[in-house]
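Written below as structure tokens is the structure these notes are about.
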Amino acid sequence: MGKGISKITRVIWSRSVLPSPPSRRVWRADEIKPAESYRSWIQTLIAATPILMTGLAVAVAFRASVLNIGAEGQYVTGAIAAVAVGLHPHGSAWLAIGTLLLAGFLAGAMFAGVAAILHQYRRVPVVLSTLLLNFVAAVLLKALLQGPLHEQGGQLQSEQLPEVAQLVHLSLHGRPTQLHIGFFIAVACAVFISALLRFTTFGFHLRATGQNPVAARFAGIRVGAISLATLCLSGGLAGLAGAIQMSGVPPYLLLPDTASSGFGFTGIAVALLGRLSPMGIVFSALFFGWLQTAFSALETELHVPFLTLQATQGSILIAILILTNLKRFTR
Amino acid sequence: MVHFVELLPAVLYFATPLILAALGELVVERAGVVNIGIEGMMLAGALGGWAADAWHGPFAGIIAAIMAAMILALPFALATLVFAADQIVTGTGINLLSLGLTGMIYKLIPPEMANRVVGIDVKWLIILTPCIAMLIWIYLRFARAGLELTAIGEAPQAADTAGIPIQRRKFRAILFGAACAGLAGAYLSIMYNRSFTENMTDGIGFLALAMVIFGRWNPGGIVAAGLFFGLVRALANQLETRNNFSPAALRMFGMLPYVVSLAALAGVAGKSGSPAALGKAYQRE
Chain S
134 MGKGISKITR
144 VIWSRSVLPS
154 PPSRRVWRAD
164 EIKPAESYRS
174 WIQTLIAATP
184 ILMTGLAVAV
194 AFRASVLNIG
204 AEGQYVTGAI
214 AAVAVGLHPH
224 GSAWLAIGTL
234 LLAGFLAGAM
244 FAGVAAILHQ
254 YRRVPVVLST
264 LLLNFVAAVL
274 LKALLQGPLH
284 EQGGQLQSEQ
294 LPEVAQLVHL
304 SLHGRPTQLH
314 IGFFIAVACA
324 VFISALLRFT
334 TFGFHLRATG
344 QNPVAARFAG
354 IRVGAISLAT
364 LCLSGGLAGL
374 AGAIQMSGVP
384 PYLLLPDTAS
394 SGFGFTGIAV
404 ALLGRLSPMG
414 IVFSALFFGW
424 LQTAFSALET
434 ELHVPFLTLQ
444 ATQGSILIAI
454 LILTNLKRFT
464 R
Chain L
76 MVHFVELLPA
86 VLYFATPLIL
96 AALGELVVER
106 AGVVNIGIEG
116 MMLAGALGGW
126 AADAWHGPFA
136 GIIAAIMAAM
146 ILALPFALAT
156 LVFAADQIVT
166 GTGINLLSLG
176 LTGMIYKLIP
186 PEMANRVVGI
196 DVKWLIILTP
206 CIAMLIWIYL
216 RFARAGLELT
226 AIGEAPQAAD
236 TAGIPIQRRK
246 FRAILFGAAC
256 AGLAGAYLSI
266 MYNRSFTENM
276 TDGIGFLALA
286 MVIFGRWNPG
296 GIVAAGLFFG
306 LVRALANQLE
316 TRNNFSPAAL
326 RMFGMLPYVV
336 SLAALAGVAG
346 KSGSPAALGK
356 AYQRE
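So the sequence lines, in the order shown, correspond to chains S and L. Per the working numbering, residue 134 is the first one in the first sequence, and the count goes up by one each step. Per the working numbering, residue 76 is the first one in the second sequence, and the count goes up by one each step.
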């Protein structure tokens, strides 16, 4: 038992906490360091990118008391739209990537918009419609992979995005790394959302709606319209997560697995650990990204099933819920 | 043309787990608690039932399925009742936890165990489900405790003033809902199929949540709604086996249950009479 724990600790330490996995080779001073250095930190940043975006998506909605549980489905539709648009790029790389990201955002926003309209005009609970739309998105992905988006070769996957539609990768010591600029886009989104919530009228109305919808209505805020717009924004952020993931991370294509990434649900845990504040979410996404790196190292080194990660995320989520309400007893 | 008489068994096969899970959720929601974790609890029931059946026969399987779901209900009850955490978010956490745990434990079970699953005939649960619906109807309509349960969901403060132990009753309702979900999970893994696969519930728990609304928080309505969804699912399956569609179009039929349930919700959700204090944690002033 003790031996097992020390083994697990060693793998987590060397593969996810230390900047790069220990190497037996000693590099001479005049040699170019390989792109291997900082690999585990880079892995953490890559893993943090999509959950930072879905975490923001969930947090924006939760701040307005709109319980969007469908970030998963919005992520998938965003990914589908991004690949569909990105496969036929026009013009320069900037234009190709710009339209691709925009397509992801709009697709996610429209998909969440279905739930928003159902809530606004037919009083369907958002929780339920967004949950059910997750499954609609998953079926849609599988249908498209068998039909219009099917790769020529016969594999159940889409074509690879052309190079112009792939996000730029950062270089370190003159060598390209796996880190794409998507992480910085995600951080920029967090800054943008933070400013939106704090300094704009829309942000104020959003927070007022979330804290007390009745009071907000008396203050002349159009609560229904705010909820609708918030849900669309939330869906758009989740869709953007899908677009970034498709154009930033190899193999740059849609797989049947894309529908079961779990990023949408992890986003809920990320948002709550970040206390629904955009800047807090950046740090909690880094934590969950590190967790993912650690567990994928454990999977490759010690054959720990990767689903352990999901169980851990679930327990963390429940633990956060209990701990944040602990003050009821200390008061 | 599809023959409806031929569809009848398929309708019952699909409707049974839905109705069972929805009946459990009905009791929970009547007490004012929304349990989204029902999906995860079903999954836990499916794995528990399957593993225990392989180990010690179908009876042990049923017991283990109910126990597994109830164990998962404990953290849910702790967070939502004792700590007054948000019920929806807690339920999502339970689903994540269950998806991870069941997948993990399933990997640890040696594969040759699968051959030892005995299983039970589906007919027993198909017969039992309407009986449970009937009992729940009688309980909610005529039994004192059942009426008190409705009072807790409608006006918890009034119920508290009348001396009803609210948290204890809510806890019992959650346990009952979990037991129903576990049984529905066992139906999937040792009755309808005799195998377990990762995430095998595939949204049935969420459809059950929709059915509670569609059935207007009444056992009779839920049975009717369940049969309707069973019919939709059976029709979708029937259409999927036809060969005059392209594979992509065939896939789209899999969307039918979810789209129909959304459409059905759009039709009824606005006028439904949900328990007044649904989803709100009760705390004394």
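Backbone N, C-alpha and C define an ideal beta-carbon position, used for all residues, glycine too. All figures in this text were calculated on a predicted structure; none of them were measured in a lab.
Boundaries (first-last residue) of the beta strand (DSSP E) holding residue i
| i | result |
| --- | --- |
| H302/S | H302 to L305 |
| T310/S | R308 to H313 |
Closer than 9 Å at the beta carbon, the chain S residues around residue i
| i | result |
| --- | --- |
| I163/L | L200, I202 and V260 |
Neighbour-count burial assignment, residue i, 16 or more Cβ in a 10 Å radius
| i | result |
| --- | --- |
| C206/L | exposed |
| Y262/L | buried |
| A168/S | Per-residue confidence for A168/S stands at a pLDDT of 47, beneath the threshold of 50, marking its modelled position as unreliable; no derived number is given. |
| W423/S | buried |
| I202/L | exposed |
| T276/L | buried |
| A328/S | exposed |
| V347/S | exposed |
| H306/S | exposed |
| D161/L | buried |
| F251/L | buried |
| P84/L | exposed |
| S139/S | exposed |
| Y254/S | exposed |
| A148/L | buried |
| W227/S | exposed |
| I195/L | buried |
Proximal chain L residues relative to residue i, where beta-carbon distance stays under 7 Å
| i | result |
| --- | --- |
| S448/S | L172 |
| R366/S | Reading off the sequence shown, one finds Leu at residue 366/S, where the question assumed Arg. Within chain L, no residue comes near L366/S; the closest Cβ sits about 20 Å away, beyond 7 Å. |
| N345/S | Simply none; closest approach about 14 Å. |
| L185/S | Those within 7 Å of L185/S in chain L number zero; the least Cβ separation is about 18 Å. |
| F268/S | G278 and Y333 |
| Q279/S | P322, A323 and R326 |
Continuous alpha helix (DSSP H) stretch holding residue i: start and end
| i | result |
| --- | --- |
| K182/L | Q162 to L183 |
| T232/S | A226 to R255 |
| E434/S | P411 to L435 |
| Y333/L | L331 to V343 |
| A106/L | Unbroken run through A106/L: none, as it is neither H nor E. |
| P294/L | P294 to E315 |
| D235/L | P231 to T236 |
| S262/S | V259 to Q279 |
Closer than 6 Å: residue i CB and nearest the ligand FAD heavy atom
| i | result |
| --- | --- |
| L220/S | This structure lacks the ligand FAD, and indeed carries no ligand of any kind. |
Within-7 Å CB hit, residue i to chain A
| i | result |
| --- | --- |
| M179/L | Absent from the structure is chain A; the protein chains it does hold are S and L. |
Contact set between residue i and chain L, taken where Cβ atoms lie within less than 8 Å
| i | result |
| --- | --- |
| K275/S | R326 and G329 |
| L405/S | V164 |
| L387/S | Those do not exist, as L387/S stays about 14 Å from chain L at its closest Cβ, beyond 8 Å. |
Through-space distance from residue j to residue i, alpha-carbon basis
| i | j | result |
| --- | --- | --- |
| G354/L | I184/L | 37 Å |
| R216/L | G295/L | 12 Å |
| I137/L | F416/S | 44 Å |
| S225/S | C365/S | 29 Å |
| G343/S | F316/S | 29 Å |
| Q378/S | T182/S | 8 Å |
| G257/L | G280/L | 11 Å |
| L87/L | I141/L | 22 Å |
| A226/L | C322/S | 46 Å |
| A374/S | G237/S | 8 Å |
| F421/S | A106/L | 35 Å |
| A230/L | L171/L | 32 Å |
| I169/L | E100/L | 15 Å |
| F246/L | A242/S | 38 Å |
| I163/L | V191/S | 13 Å |
| L185/S | L419/S | 8 Å |
| P411/S | A376/S | 20 Å |
| P281/S | G287/S | 13 Å |
| F271/L | W125/L | 7 Å |
| A204/S | E315/L | 28 Å |
| G132/L | L266/S | 38 Å |
Closer than 7 Å at the beta carbon, the chain S residues around residue i
| i | result |
| --- | --- |
| L284/L | L261 |
Inset, instruction - Return the residues of the region 138-165 of chain L that lie within a Cβ-Cβ distance of less than 9 Å from chain S, sorted by chain order. - result: P150, F151, L153, A154, T155, V157, F158, A159, A160, D161, I163, V164 and T165
Inset, instruction - Please name the residues in the region 310-326 of chain L whose beta-carbon is closer than 9 Å to at least one beta-carbon of chain S, in chain order. - result: S321, P322, A323, A324, L325 and R326
Legend entry - Residues of the region 267-278 of chain L with Cβ closer than 7 Å to any Cβ of chain S, in chain order: G278
Legend entry - Interface positions of the region 424-446 of chain S facing chain L (Cβ-Cβ less than 8 Å), listed along the chain: Residues are counted here when their Cβ sits less than 8 Å from a Cβ of chain L; for the region 424-446 of chain S these are P438, L440, T441, L442, Q443, A444, T445 and Q446, given in chain order.
Inset, instruction - Compile a chain-ordered list of the residues in the region 197-214 of chain L whose CB is closer than 8 Å to at least one CB of chain S. - result: none
Inset, instruction - For the region 239-255 of chain S, enumerate the residues whose C-beta is nearer than 7 Å to any C-beta of chain L, in chain order. - result: Contacts with chain L (Cβ-Cβ distance below 7 Å) from the region 239-255 of chain S involve L251 and R255, listed in chain order.
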